[in-house]
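K.L.:
In this note's numbering, the protein residues as written are 9 to 194.
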């Protein structure tokens with residue numbers, strides 16, 4: 009297994025086709041999907057046809073992927089995934105940070121730990137200049153992870169929701185961290 013990044017408690021590795029069952033289970037949990045689509049489960053067909061191909065995509069500017077399977081280092085248990093994806097396939101300057109972890113991993117600091125490690129790698133090894141992340145305004149847990157990872161609130165905005173879900177009427181929020189701000193805090 010190729011390891012992209014390790015932290016004290018996590019291993020982040022590239023996805024493989026063999027992760028389809030993990031992704032199906034993760035995206036079938038209504039609580040995990042609450043702020044993404046209102047809690048609707050994702051079909052196996054969609055995992056294979058849309059989600060897995062997106063997670064397997066290599067970004068030329070990084071020479072690697074933008075999504076990473078997260079496993080607990082001590083047990084090898086699949087916890088979910090992290091996104092650290094360039095917004096432009098040909099420039100590493102701006103990346104989007106994201107995470108989706110199973111409920112058993114919630115409240116244990118894994119999301120902030122993985123996010124901080126990816127941010128460090130991005131600014132020190134990958135040529136990243138700005139990290140951005142967004143979520144629904146009412147998703148206080150995700151907002152707290154962004155803050156713990158060092159990102160600062162940038163703006164409120166209204167996204168284009170194909171189907172409104174509970175809380176979407178409050179809009180979304182964007183957080184960011186620039187290389188300059190990150191270097192000042194070190």
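Just so it is clear, CB atoms sit at the ideal spot from N, CA and C, and this is done for glycine as well.
Compute the Euclidean distance between the alpha carbons of residue 153 and residue 53, then round it to the nearest angstrom.
P.N.:
Mapped onto the chain shown, residue 153 falls at position 145. Mapped onto the chain shown, residue 53 falls at position 45. About 31 angstroms.
K.L.:
Once the 5 residues before and after residue 16 are set aside, which same chain residues still bring their CB inside 8 angstroms of it?
P.N.:
What you label residue 16 is simply residue 8 of the chain shown in a count that begins at 1. Answer for residue 16: 81 and 121, listed in chain order.
K.L.:
Return helix, strand or coil for residue 44, following the three-state DSSP convention.
P.N.:
Counted from its first residue, the chain shown places residue 44 at position 36. Helix at residue 44.
K.L.:
In chain order, which continuous runs of the beta strand (DSSP E) of length 3 or greater are located wholly inside the stretch 14-63?
P.N.:
DSSP runs (the beta strand (DSSP E)) wholly in the stretch 14-63: 18-21.
K.L.:
With contact counted as at least three CB pairs below 8 angstroms, one residue from each stretch, are the stretch 116-134 and the stretch 162-178 in contact?
P.N.:
Touching, no, given that fewer than three Cβ pairs across the two stretches are closer than 8 angstroms.
K.L.:
Quick one: is residue 11 buried, meaning 16 or more other Cβ sit within 10 Å of its Cβ, or exposed?
P.N.:
Position 3 of the chain shown, counting from 1, holds the residue named residue 11. Burial call: exposed.
K.L.:
Candidates 156, 191, 158 and 108: which alpha carbon is nearest residue 20's?
P.N.:
One-based indexing of the chain shown puts residue 20 at position 12. Nearest option by C-alpha distance: 108.
K.L.:
If you drop the 5 nearest sequence neighbours on each side, which residues of the same chain put their C-beta closer than 7 angstroms to that of residue 119?
P.N.:
Locating residue 119 in the chain shown gives position 111, counting from the first residue. The answer, listed in chain order, is 107, 109 and 153.
K.L.:
Tell me where the beta strand (DSSP E) around residue 89 begins and ends.
P.N.:
Against the chain shown, residue 89 aligns to sequence position 81. Counting along the chain, the beta strand (DSSP E) containing residue 89 begins and ends at 86-96.
K.L.:
Keeping to the same chain, check which residues put their C-beta closer than 6 angstroms to that of residue 137; ignore five residues upstream and five downstream.
P.N.:
By 1-based counting over the chain shown, the position of residue 137 is 129. 101 and 187.
K.L.:
Considering only the alpha carbon of each residue, which of 14, 13 and 18 lies closest to residue 116?
P.N.:
By one-based count along the chain shown, residue 116 stands at place 108. Here the closest residue by C-alpha is 18.
K.L.:
Below 9 angstroms between beta carbons: does that hold for residue 60 and residue 22?
P.N.:
On the chain shown, residue 60 is found 52 positions in, with the first residue counted as 1. On the chain shown, residue 22 is found 14 positions in, with the first residue counted as 1. In this structure, residue 22 does not lie closer than 9 angstroms to residue 60 by Cβ.
K.L.:
Cα-Cα, which of 46, 179, 30 and 95 is closest to residue 56?
P.N.:
Within the chain shown, numbered from 1, the residue matching residue 56 stands at position 48. The residue with the shortest Cα to Cα distance from residue 56 is 30.
K.L.:
Using alpha carbons as the reference points, say which of 155, 142 and 72 lies closest to residue 179.
P.N.:
On the chain shown, residue 179 is found 171 positions in, with the first residue counted as 1. The shortest C-alpha separation from residue 179 is found at 142.
K.L.:
Thinking just about the alpha-carbon of each residue, which of 89, 175 and 145 is nearest to the one in residue 13?
P.N.:
Against the chain shown, residue 13 aligns to sequence position 5. The candidate whose alpha carbon is nearest that of residue 13 is 89.
K.L.:
Check this for me: beta carbons of residue 183 and residue 148, under 9 angstroms apart or not?
P.N.:
The residue labelled residue 183 in the question sits at position 175 within the chain shown. The residue labelled residue 148 in the question sits at position 140 within the chain shown. The Cβ-Cβ distance between residue 183 and residue 148 does not fall below 9 angstroms.
K.L.:
Which whole-angstrom value describes the C-beta separation of residue 50 and residue 35, a residue pair presumed to lie in contact below a C-beta threshold of 8 angstroms?
P.N.:
Along the chain shown, read from residue 1 onward, the residue named residue 50 stands at position 42. Along the chain shown, read from residue 1 onward, the residue named residue 35 stands at position 27. Rounded, the Cβ-Cβ distance is 4 angstroms, consistent with contact.
K.L.:
Any idea if residue 27 is buried or exposed, counting beta-carbon neighbours within 10 angstroms, 16 or more meaning buried?
P.N.:
Within the chain shown, the letter at position 19 stands for residue 27. Looking at its Cβ environment, which holds 16 or more other Cβ atoms inside 10 Å, residue 27 is buried.
K.L.:
With a floor of 3 residues, list each beta strand (DSSP E) that falls wholly inside the stretch 105-171, ordered by position along the chain.
P.N.:
Runs found: 138-144 and 160-165.
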